[in-house]
Amino acid sequence: MRISDAGDFFFFFLLASAPSTGIRMQLYSCAEKRVGQSVELEFCYNVDFLSRQTESGRGLSLIIFCALYSLQEKINIRNNVEDPVLARSPSIASRETINDFLYTSEPPEDCEQLSSIPEDSYLRLPQSCSRVIPSLGLDVRAPVRCWLEEIRYDEEDEMDILFSKRLPRRKLKDEEAESRDLRLLTASAATAAKKVIDAADSFEKRYQRVFDSIGNSSSNRTERDALQKIEAEASEILLKMGSTMPRRTAQRENPKNVAMQLGRLKNSVDRAFDKRLDFYIEKVVLALEEAPSEAGSAARGALAALTALGLAGPRAGASVARCSGIRALLTSLVSAGRLSSELRSASLRALASVCCCIEAVDQFVREGGPEILSDILAADSTPESEKSEAAALVVQITAPWMDYVGLPYVEPFAHDLISALTNLAERTSCKQTLLLSTAAINHMAHSRRCIGPIIKCNSIKRLLRCVKKTSSGNVWLMEQVASLVGQVARVPQARAHLAETRASVALVCFLRMQPPGLEAESYRRLEATATEALTRLCVDPEIAKQVVAVGGSDCLPSSECSGQACVGDARRAEAASNQKFHSSKSLRVARKIAAEQIDMARMWDSSPR
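In mature numbering (1 follows the signal peptide of the UniProt record, and there is no 0), the protein residues as written are -22 to -1, 1 to 587.
Okay, structure coming up:
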């Protein structure tokens, strides 16, 4: 440190302290070197002390108090003489050095521990320091003490504010060039990731064929050749991925040992594929996060790439979840609230695409996805296109092919979701949106906690009205409605509501519909679903009377021959013999009770035939 002045001066005091701990440290030595009108001061301090404080995570603040004195004032202060007239004497000052006023040798170590030093010890300045400028009557201790007291609290508040703020996007000088680079990065990474997924699927198929042939092949030589081929392929894949090859599969006679070693080999290859896939998908997620503009071409390209990768299968969805892609998509959805509806729809579409595995749904739930979905669907200002994409996302996370993994997490928002989905189905003129809304309500009906909101919103009656309004019979829509009626019919308390809505009459109409030629397979699924739902409904005597009144008693299978029609025309008998009814204990009991109720209703039926 260099201090310049035209007159004589002395370095008076130096203090190093940690304000948050009250630790005090004095200098051990100080060297002085004069260069013309300047003085260079070289300080030596306790390095071990600083290193210990640094390792403990405590910050040190170096506070230097410098005062310019003439020699006469220094002597007056020593002798406690107050002399306002300061005499300057270069000859005397030249004989004095700064070492006369500081430690020339290391002071004896303190016997007390650092923790025993009072917290306000760093505020205790020498008594003479209050008379630095006696002519002005200033006391330097007051402002320093006030500053040291307040700095800790000011820094804590500032850090809390900074931690709660979201970092803004960078303001680039050339956003077009940055967007072009991000688009190229996204396209290259998505193409490479798709190749990795295709290679993994191809290896999975060949491995499955080899695994199924273990112990079933006609000769041991054929089995050995198949094992050698799969091992060679795995070795080549691991070599390309930079991984090590596990121990080779031993040629043993025990198929169980061979299967276990093949399983370990497949796990090694899967880990290599996942590692490389994570590398590429991380670039796509980074492009979405680092896009210069939420509505720019870079962000749109990243959303399209994630949508395409999600359609590739659960492996890509799990990789997107590991790379925090679900969080990035939800952030994009929330941030795009003030932008175009098209971008928000693209974000919802990408979420529905990548939420195809348990890992992705779990991350979606952890990031508050169900609540965001409820807000989007319940808002009146949300466009229909966004609500349609949100309904598709509800269908995806509560689907039976996903084992209803997201169903427990949408139950707290069941009333808002079912009400919004029913309103959407009733108001839309798009067949796809109507089908998605109905499917979402049907999937949510698999939870008993959602049955109450379905009855309260009168969803079944309103959906049946929507089916009736469609110009041409939509087989898939009828199947979803029939499945919904069957799920609600499982609850005995809900059958009175179903009798009031006359859902059984609608099911009889579904079963009497002529099967279209191009949708024969879909109609067979509809027939099986509607028959099961009608069977559960006819357990109630009132509903059984409704079925007999419209002549639908022949639509039910008999309790004696499951899967066969009891009575009816040849077409109904042939169709019933070809379909495979879902068999369960509750359904078998329902068939028996329904047959009894139908017989009782026939006995009391007086309608003209």
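Using N, Cα and C, we set each Cβ at its ideal position, and we do this for glycine too.
Note the first and the last residue of the continuous alpha helix (DSSP H) segment covering residue i.
i: Asp577; result: 563 to 581
i: Met456; result: 453 to 467
i: Met422; result: 409 to 422
i: Ala477; result: 473 to 479
i: Tyr501; result: 498 to 515
i: Ile429; result: 429 to 434
i: Glu303; result: Rather than Glu, the amino acid found at residue 303 in this sequence is Gly. 303 to 313 is the extent of the alpha helix (DSSP H) around Gly303.
i: Val383; result: Element bounds for Val383: n/a, residue is neither H nor E.
i: Gln492; result: Careful: Gln492 lies outside any alpha helix (DSSP H) and carries neither H nor E.
i: Gly279; result: 275 to 288
i: Ala328; result: 319 to 332
i: Glu362; result: 362 to 375
i: Phe342; result: 336 to 344
i: Thr400; result: 392 to 405
i: residue 625; result: With the chain running from -22 to 587 in the structure shown, residue 625 is simply not present.
i: Glu349; result: 347 to 356
i: Ala299; result: 292 to 300
i: Ile438; result: 437 to 447
Does the separation of the CB atoms of residue i and residue j fall below 8 Å?
i: Leu579; j: Lys523; result: The displayed chain sequence assigns Ala, not Leu, to residue 579. Contact: yes.
i: Leu485; j: Ala511; result: yes
i: Ala280; j: Ala338; result: no
i: Ala330; j: Thr164; result: no
i: Leu441; j: Ala418; result: no
i: Ser166; j: Gly274; result: no
i: Ile375; j: Ala290; result: no
i: Arg250; j: Thr285; result: A small correction: the amino acid at residue 250 is Ala; Arg does not occupy that position in the sequence shown. Result no, Cβ atoms of Ala250 and Thr285 do not sit closer than 8 Å.
i: Val525; j: Ser482; result: yes
i: Cys334; j: Pro292; result: yes
i: Val388; j: Val372; result: yes
i: Thr513; j: Ala460; result: no
i: Arg300; j: Asp256; result: yes
i: Val298; j: Leu308; result: no
i: Tyr258; j: Ala177; result: no
i: Phe181; j: Glu201; result: no
i: Ser325; j: Asp394; result: no
Restricting to Cα atoms, I'd like to know which of the options is closest to residue i.
i: Arg184; options: Lys244, Ala283, Leu281, Cys333; result: Lys244
i: Lys173; options: Asp190, Ile215, Thr200, Ala204; result: Ile215
i: Lys365; options: Ala265, Gln341, Val525, Arg405; result: Arg405
i: Gly303; options: Met223, Ala277, Met491, Val263; result: Val263
i: Asp159; options: Thr200, Ala276, Ile576, Asn452; result: Ala276
i: Pro396; options: Val445, Gln410, Asn436, Ala269; result: Position check: residue 396 holds Ile in this sequence, whereas Pro was assumed. Here the closest residue by C-alpha is Asn436.
i: Glu154; options: Ile521, Gly288, Ala269, Cys335; result: Ala269
i: Cys408; options: Glu367, Asp394, Ala177; result: Glu367
i: Gly347; options: Val383, Arg305, Tyr382, Gln492; result: Arg305
To which residues of the same chain is residue i closer than 7 Å at the C-beta, ignoring the five residues directly before and after it?
i: Ala392; result: Met422, Arg427, Cys428, Pro431
i: Ser363; result: Ser319, Ser323
i: Gln575; result: Cys516, Val517, Pro519, Ala522
i: Met456; result: Val445, Phe488, Leu504
i: Ala548; result: At Ala548 the pLDDT is 42, less than 50, meaning the model places this residue with poor confidence; the figure from the coordinates comes in the next sentence. So the list is empty, once near-sequence residues are dropped.
i: Val466; result: Ala423, Ile429, Ile432, Ile438, Ala472, Leu476
i: Ala237; result: Phe189, Ile192
Any idea if residue i is buried or exposed, counting beta-carbon neighbours within 10 angstroms, 16 or more meaning buried?
i: Met380; result: buried
i: Glu127; result: exposed
i: Thr479; result: buried
i: Ser359; result: exposed
i: Thr32; result: Because Thr32 sits at a pLDDT of 42, beneath the cut-off of 50, its placement in the model cannot be relied upon, and the point is left open.
i: Leu462; result: buried
i: Gly464; result: buried
i: Arg443; result: exposed
i: Asp577; result: exposed
i: Asp532; result: buried
i: Leu217; result: exposed
i: Thr509; result: buried
i: Arg344; result: exposed
i: Lys261; result: buried
i: Ala294; result: buried
Take residue i and list the residues in its own chain whose beta-carbon comes closer than 8 Å to its own, dropping the five residues that flank it on each side.
i: Leu240; result: Tyr185, Val188, Phe189, Ile192, Leu205, Ile208, Thr227
i: Asp583; result: Lys523, Val526, Ala527
i: Leu413; result: Asn452, Trp454, Leu455, Gln458
i: Ser213; result: Met223
i: Glu349; result: Phe391
Who are the Cβ neighbours of residue i in its own chain at under 6 Å, not counting the five residues just before and after it?
i: Ser415; result: Ala369, Leu399, Leu402, Ala403
i: Ser271; result: none
i: Leu162; result: none
i: Ser221; result: Ala250
Relative to the ligand FMN, is the shortest distance from any of its heavy atoms to the C-beta of residue i smaller than 7 Å?
i: Ser437; result: Because no ligand of any kind appears in the structure shown, any question about the ligand FMN cannot be addressed here.
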